[in-house]
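Participant:
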Amino acid sequence: MKESKEVLNNKRKRKPNSSKRVVVLTSIIILMLLIWQAFSANKIHQSYQHSLMKSVTDRVISDYLEYFSQLRLEIDLFQQKHFYIIQKLKEQGDEANKELYMELLTKLRDDIENTRLFSFINQHGQGSLSHITGNFLPDCEEEIAATLAAGVQESLFLHRSKSSVHFDILQPFSSVEANNEYLFVAFNPNVLIGILSQYQLPHQQLFLMRSDQRGHIELTTETTDVKYARMVVNDFDYDSFSYIKPIPNTRWQLGIRLSPQYNIDLRNKALSKALIIWLILTTFVYGFYRQQKRGIQKHRRVKKELAYADSHDQLTGLANRNNFEQQVTHFINNNSKTPNKSGVVLKIDLDKFQVINNSMGFTVGDKFLHQISLILQKNLPTGAVLSRLGNDEFAMLLPDLQFSEAENYANKIRCLLKDTHIEESSQSNNITASVGVVIIDNSIFDVQQVFSSLGQAISLAKEKGRDRVQVYQSSDEQLRKHAKEMEAVHELVDALKEQRLLLHRQEIKSMVGEYSKYFEVLVRMKNKQGDIVPPIEFIPAAEKYGMIVQLDYWVIEHTLKGMANEQAGNHYSINLSGITLANKELYQHVKGLFKTYKVEPSLVSFEITETSAITHLDSALYFINNMIAFGCSFALDDFGSGLSSFSYLQKLPIGTIKIDGAFVRDMDSNAINRTFVENIKRTASAMNKKVVAEFVENEHIEALLNEIGVEYVQGYYIHKPELWFEQQKL
């Protein structure tokens, strides 16, 4: 728990580097963001290129199909225009005249560009002009056979020879007599190459590829007349194509490949831009860091000094009370998770230290306190925490000290302090110390309990004559009482968490024949063994140690919840402590609970004691007036036992007075108490207030109260408290 100076110095050395790490980290983050932005922009550009390639292929394919359709239309027009010559040449067959063929070929070339030759194909796939044109290439024969088999030409592809390349159009004869016969026309691929070149964009290369033969390329945008040799690419090159799309009714597919250097250049350009921006931003950030460094260091230094001053005693440099309480709380929390683990806390209170201040001055007193702190630090075990709580009080947290050794250690400290002398005085200072010892085990639940126990131990040590050690867990009656109160508070805290609180109720009987039933709500607690703990054993402790507000809030909420579940129209009276009554948030909290559980306010009455009402008169009047306006009623409990009852009765707008049971329980045999009850009743009637008599223990008392005219009676003779609802059932 205690940091050495070396550790603190190392921390101070590391602090200046933290800002540099922030700058470096910021620079790295900026670089990563810029690189991410560069790759994102590159990805967006690739997406744009993809859409661009789709558009290019769609337009090329559209132009190809339009071109093929135009060729077929022109062939049909040519047949109509030269019908008789074609018929004559066709009839001649194998004996056709070459001059006539060449005449017709010339006309065909004039009408349709890029025509190479033509021939006639019969229904058997044979050419009738082979003696003029020569035999068909194997590719031509393959396409002719496929067309005859399908009845339509749907597998167009390029046919290659050693010196040329062409494609064939097989168009049915237009004559009626023609039966599955075709006019065969071969064309140069110049237009196909031109269309590819027309739509080629920068950094793109277009390919006309075979769809039935992987990697076989028919034409590219680089194709020329001397480059008609078939190209074949391997699988790696084929997979590098950026976009591929088939062309309908052909054996072709159109592919686009971006220049490899294009993507590299694009990426390098984006990265270069990102690096330039990064260098500019990093320079700015670093410059800003250098500019602000002194201010930041100054701010940190001031902040560190303030933090140290906030957690340490200025005179001795020890942990102050707030710091010490935090470390004790931390130890308690960790201790609760470790069974059978305990520690010890010592409180050292210097006896009559004020004598030194008064006789020698505060300067000497401060030097002596500093001297005491050095002695305590010198004898502090490893892992322990030493604190100056204030003025002449010191405390130690000893997490590793066994309780059996605590008293001996405390006496050792006491003797060391007793032997301490003031350097400015030649005489013995006769300073002694009272030391309180408290063990921190599983019975300790918070730091307030620790300091409360230490306070009790110190008080008892001083009562016994000072200059002694007082262990809190001793046989002293005062400490046993305090320990019992602490145990009750601890039990109440656990009961709230573990749902071990119960609601009982006791009937308040009407003596004037009212139909409605009235009950007072009473809280009970089960211990961990399941036995009922009387309220006298935990309610006073709850009031003393700050748990009563939480308990009252619990009773109010669960009473309203029980009434909402019961829905019987009974009236219930709830007790409020003076501390709860002084809570400024009480009215809004209770009003919110009424709205939550939808309980009629007129069915609820609050009981407050006259002592608490008078002690907290302003807050009591605020709560009473607002709740009466809301619809609730109020009763003044234990009337007659508190302060100036009748003088304050007129100031409180309550409707009911509950006479203290001390005057009621024996009024059948005590004439003075009977007279007191009669006087209270007369006063209440004069003030138009109703009266409830508590502790009605027999029939005779009830009869006397009825004779006096008391409106309500309550006690064991009327009704013994009964279990209403358990917490978990509400």
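At position 182 of the sequence shown the residue is numbered 182 (the UniProt record's numbering), and the sequence of numbers has no breaks.
Even glycine gets a Cβ: it sits at the ideal position worked out from N, Cα and C.
All of these numbers come straight from a predicted model, not from anything done at the bench.
How many Å lie between residue 506 and residue 700 at the Cα?
Facilitator: One C-alpha to the other measures close to 20 angstroms.
Participant: Report all residues from its chain with a CB closer than 7 angstroms to the CB of residue 720; omit the five preceding and five following residues, and keep chain order.
Facilitator: For residue 720, where only same-chain residues beyond five positions count, there are no Cβ hits under 7 angstroms.
Participant: What is the residue span of the beta strand (DSSP E) that residue 518 lies within?
Facilitator: Run containing residue 518: 518 to 526, per the beta strand (DSSP E) assignment.
Participant: What would DSSP say about residue 698, mapped onto helix, strand or coil?
Facilitator: Correct three-state label for residue 698: coil.
Participant: If you drop the 5 nearest sequence neighbours on each side, which residues of the same chain put their C-beta closer than 6 angstroms to that of residue 142?
Facilitator: Hits under 6 angstroms: none found.
Participant: Check residue 231 in the structure and name its three-state DSSP category.
Facilitator: It is a strand residue.
Participant: Could you tell me whether the segment 680 to 700 touches the segment 651 to 663, where touching means 3 or more Cβ pairs closer than 8 angstroms?
Facilitator: They touch, by the three-pair rule.
Participant: With residue 523 and residue 551 assumed to form a contact (beta carbons below 8 angstroms), what rounded beta-carbon distance in angstroms separates them?
Facilitator: Indeed, because the Cβ distance is near 7 angstroms, the residues count as touching under 8 angstroms.
Participant: For residue 632, verify whether its CB is less than 7 angstroms away from any heavy atom of the ligand NAP.
Facilitator: Annotation note on the ligand NAP: not contained in the displayed structure, which lists no ligands.
Participant: Helix, strand or coil: how does DSSP classify residue 665 here?
Facilitator: DSSP places residue 665 in coil when its eight states are reduced to three.
Participant: Can the beta-carbon of residue 348 be found closer than 8 angstroms to that of residue 393?
Facilitator: Cβ atoms of residue 348 and residue 393: closer than 8 angstroms.
Participant: For the putative contact between residue 346 and residue 395, defined by C-beta atoms under 8 angstroms, what is the C-beta separation to the nearest angstrom?
Facilitator: Confirmed, about 6 angstroms.
Participant: Does the Cβ-Cβ distance between residue 321 and residue 389 come in under 8 angstroms?
Facilitator: Cβ atoms of residue 321 and residue 389: closer than 8 angstroms.
Participant: DSSP on residue 721, reduced to helix/strand/coil?
Facilitator: Coil, per DSSP.
Participant: Would you tell me roughly how many angstroms separate the C-alpha atoms of residue 526 and residue 722, rounded to the nearest one?
Facilitator: Approximately 15 angstroms, taken between the alpha carbons.
Participant: For residue 26 and residue 282, what's the separation of their Cα atoms in angstroms?
Facilitator: Cα to Cα, residue 26 sits roughly 8 angstroms from residue 282.
Participant: Here's a check: name, in chain order, each residue in its chain whose Cβ is nearer than 7 angstroms to the Cβ of residue 601, leaving out the five neighbours to either side.
Facilitator: Correct list, in chain order: 594, 630, 631, 632.
Participant: Just mark residue 415 as buried or exposed, buried being the case when its beta carbon has 16 or more other beta carbons within 10 Å.
Facilitator: Flag for residue 415 reads exposed.
Participant: Does DSSP put residue 370 in a helix, in a strand, or in coil?
Facilitator: Note: residue 370 maps to helix in three-state DSSP.
Participant: Are residue 316 and residue 369 touching if we call contact CB-CB under 8 angstroms?
Facilitator: In contact: residue 316 and residue 369 (Cβ atoms closer than 8 angstroms).
Participant: Just to confirm the assignment: which complete alpha helix (DSSP H) runs, minimum length 4, are found wholly within the segment 241 to 305?
Facilitator: The segment 241 to 305 contains no whole alpha helix (DSSP H) run of 4 or more residues.
Participant: Over the uninterrupted beta strand (DSSP E) stretch that includes residue 161, give me the two end residues.
Facilitator: It is not in any beta strand (DSSP E) - residue 161 carries neither H nor E in the DSSP assignment.
Participant: The beta strand (DSSP E) that contains residue 205, what's its start and end?
Facilitator: Unbroken beta strand (DSSP E) run through residue 205: 204 to 210.
Participant: Shortest alpha-carbon distance to residue 490 belongs to which of 447, 43, 24?
Facilitator: The candidate whose alpha carbon is nearest that of residue 490 is 447.
Participant: Does the distance from the C-beta atom of residue 54 to that of residue 243 stay below 8 angstroms?
Facilitator: Yes, the Cβ-Cβ distance between residue 54 and residue 243 is below 8 angstroms.
Participant: DSSP on residue 731, reduced to helix/strand/coil?
Facilitator: The shown model of the chain, from 1 to 730, leaves out residue 731, and the question about it has no answer.
Participant: Classify residue 73: buried if its beta carbon has 16 or more other beta carbons within 10 angstroms, exposed otherwise.
Facilitator: Per the 10 Å Cβ criterion, exposed.
Participant: In three-state terms, what does DSSP make of residue 34?
Facilitator: If DSSP states are grouped into helix, strand and coil, residue 34 belongs with the helices.
Participant: Alpha carbon to alpha carbon, how far is residue 624 from residue 705? Give it in angstroms, no decimals.
Facilitator: Straight-line Cα distance between these residues: approximately 28 angstroms.
Participant: Just tell me which of 100, 78, 77 has its CA closest to the CA of residue 88.
Facilitator: That would be 100, whose Cα lies nearest to the Cα of residue 88.
Participant: Buried or exposed, going by whether 16 or more other CB atoms sit within 10 Å of the CB of residue 310?
Facilitator: Classification for residue 310: exposed.
Participant: Within 10 angstroms of the Cβ of residue 102, are there 16 or more other Cβ atoms? Answer buried if so, exposed if not.
Facilitator: With fewer than 16 other Cβ atoms within 10 Å, it is exposed.
Participant: Rounded C-beta distance between residue 108 and residue 118? I'm assuming under 8 angstroms.
Facilitator: That belief holds up - the Cβ atoms of residue 108 and residue 118 are roughly 6 angstroms apart, short of 8 angstroms.
Participant: Any contact of the segment 187 to 199 with the segment 283 to 303, i.e. 3+ C-beta pairs under 8 angstroms?
Facilitator: Cβ pair count under 8 angstroms is below three, so no.
Participant: Cutting at 8 angstroms between CB atoms, please list the residues of its own chain near residue 500, excluding the five before and the five after it.
Facilitator: Contacts found: 494, 525, 526, 527, 528, 727.
Participant: What's the gap between the Cα of residue 518 and the Cα of residue 640?
Facilitator: Rounded to the nearest angstrom, the two C-alpha atoms are 23 angstroms apart.
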